[in-house]
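Visitor: Residue numbers (this note's numbering): 60 to 355.
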Ligand code: NAD
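1. Please specify which runs of the beta strand (DSSP E), each continuous and at least 3 residues long, are wholly inside the segment 102 to 163, giving them in chain order.
2. According to DSSP, simplified to helix, strand and coil, what is residue 195?
3. Taking 8 Å as the cut-off, decide whether the C-beta atoms of residue 194 and residue 178 are in contact.
4. Taking residue 153 as the reference, give the member of 348, 176, 283, 349 with the closest Cα.
5. Measure the Cβ-Cβ separation of residue 63 and residue 86 and say whether it is below 8 Å.
6. State the start and end residues of the unbroken beta strand (DSSP E) segment that holds residue 176.
7. Using DSSP with H/G/I as helix, E/B as strand and the rest coil, what is residue 171?
8. Note down, in chain order, each residue of its chain lying with its Cβ closer than 6 Å to the Cβ of residue 231, except the 5 sequence neighbours on either side.
9. Please state whether DSSP places residue 219 in a helix, a strand or coil.
10. Who are residue 311's beta bridge partners in DSSP?
11. What distance in whole Å lies between the Cβ atoms of residue 203 and residue 219, which are believed to be in contact at a cut-off of 8 Å?
12. Can you look up residue 181 in the DSSP assignment and give me helix, strand or coil?
13. Specify the secondary structure class of residue 355 as computed by DSSP and reduced to three states.
14. Going by beta carbon distance, what residues of the same chain come within less than 7 Å of residue 109, once the five residues before and after it are set aside?
15. What are the residues that DSSP puts in a beta bridge with residue 63?
16. Could you tell me if residue 74 is buried or exposed, where buried requires 16 or more neighbouring beta carbons within 10 angstroms of its beta carbon?
17. How would you call residue 234, buried or exposed, if buried means at least 16 neighbouring beta carbons within 10 angstroms?
18. Would you mind reading off the limits of the alpha helix (DSSP H) that contains residue 81?
19. Whose CA, out of 239, 129, 336, lies closest to the CA of residue 270?
20. Along the chain, where does the alpha helix (DSSP H) that runs through residue 281 open and close?
21. When the Cα atoms are used, what is the spatial distance from residue 205 to residue 120?
22. Check the DSSP bridge columns for residue 336 and list the partner residues they point to.
23. How far does the alpha helix (DSSP H) with residue 227 in it extend, from its first residue to its last?
24. Looking only at its chain, what residues have a beta carbon closer than 6 Å to the beta carbon of residue 70, apart from the 5 residues adjacent to it on each side?
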């Protein structure tokens, strides 16, 4: 069992840190939010007073932060993770951020003998709570092998996908598929309802056929019921669509559907839905047709 420093105890980090503590690891965590620290203590972890306190003496450090500016602040800034942890320590950034920041963190870590992995996740809040995440890992093979027992406590599909930054590229691909699927499920609901066909019944059939997907399986009922409590916020998906489009530009490829879905997500944010679950793309698609329905 390892001493683990865990920074970022939000929707995802809280259940992840709890699973690590339940598995017998000694978990010290830090978050800016005091409620999150109380939840960590209730789960058997130690609430640290700051980043340095959380990661001091750790063998493994995990960060689960919103975006690259927070990762830069927590990991790279003076007094941050890289200034505090010892050479040989494993640092797994499990946040979804742009690949270039993951590469920058890996280089800065290597200069201090710290082993860095980018290890973003998919599976949402339910995946974190059930320790059933998919974890896509970029970095050195030997470091992946060393970190795998810890990742196995958090996820069911744990795969080394390539060098530093590759985990983030796979996550960008994941997010464009997720965003596009939500947009199409939203269009299906609008079509069914506007045609006077029961959307719940219609989607039940879709879920059992070739159109079936994890999103239809897990979210069709809450979408039809207009329950948009996050989950995964539109604001975070907006960030991820930006990462996907920037990665496409970097690689000189055109992703036209990703561009369109990115605009729908941006519209959701502009309409004031940024703090709703990304399934609230349904509200955007409805409003394009002059339809709106209250949450029930
Ligand atoms: P969240 O906003 O719920 O949690 C982030 C936490 O980081 C917050 O509790 C915040 O207080 C903390 N934080 C921010 N700056 C900090 C700092 N300087 N020091 C310490 N703590 C700080 O976000 P989340 O939903 O848990 O997502 C975290 C990451 O995982 C994001 O990159 C997101 O894109 C990704 N992700 C989320 C989901 C999901 O379903 N929510 C699924 C897959 C991946």
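All residues carry an ideal CB built from backbone N, CA and C; glycine is no exception.
Guide: Here's the rundown:
1. As summarised for the segment 102 to 163, the continuous beta strand (DSSP E) elements at least 3 residues long and confined to that stretch are 119 to 122, 149 to 152, given in chain order.
2. If DSSP states are grouped into helix, strand and coil, residue 195 belongs with the strands.
3. Note that the C-beta distance between residue 194 and residue 178 is below 8 Å.
4. Nearest to residue 153 by C-alpha distance, out of 348, 176, 283, 349, is 176.
5. Contact: yes.
6. Counted as a single uninterrupted DSSP element, the beta strand (DSSP E) harbouring residue 176 occupies residues 174 to 177.
7. Of the three classes helix, strand and coil, the one that applies to residue 171 here is coil, per DSSP.
8. Taken in chain order, the residues that qualify are 302, 303, 306.
9. In the structure shown, residue 219 falls within a strand segment according to DSSP collapsed to helix, strand and coil.
10. Beta-bridge pairing by DSSP links residue 311 to no other residue.
11. About 4 Å separates the beta carbons of residue 219 and residue 203, which is inside the 8 Å limit, making them a contact pair.
12. In the displayed model, residue 181 falls within a strand according to three-state DSSP.
13. Low confidence applies to residue 355: its pLDDT is 42, below 50, so where it sits in the model is not reliable enough to give any reading.
14. The beta carbon of residue 109 sits closer than 7 Å to the beta carbons of 89 from its chain, once the five residues preceding and following it are set aside; these are given in chain order.
15. DSSP lists 86, 119 as partners of residue 63.
16. It counts as buried.
17. In the assembly as shown, residue 234 is a buried residue. Its beta-carbon has 16 or more other beta-carbons within 10 Å.
18. Residue 81 -> alpha helix (DSSP H) spans 72 to 81.
19. For the set 239, 129, 336, the Cα lying nearest the Cα of residue 270 is the one of 239.
20. Annotation: the continuous alpha helix (DSSP H) that includes residue 281 extends over 273 to 283.
21. CA-CA distance, residue 205 to residue 120, rounds to 13 Å.
22. When beta bridges are read from the DSSP output, residue 336 appears opposite 292.
23. Its alpha helix (DSSP H) spans residues 225 to 253.
24. Counting only Cβ-Cβ distances below 6 Å, and skipping sequence neighbours, we find 184.
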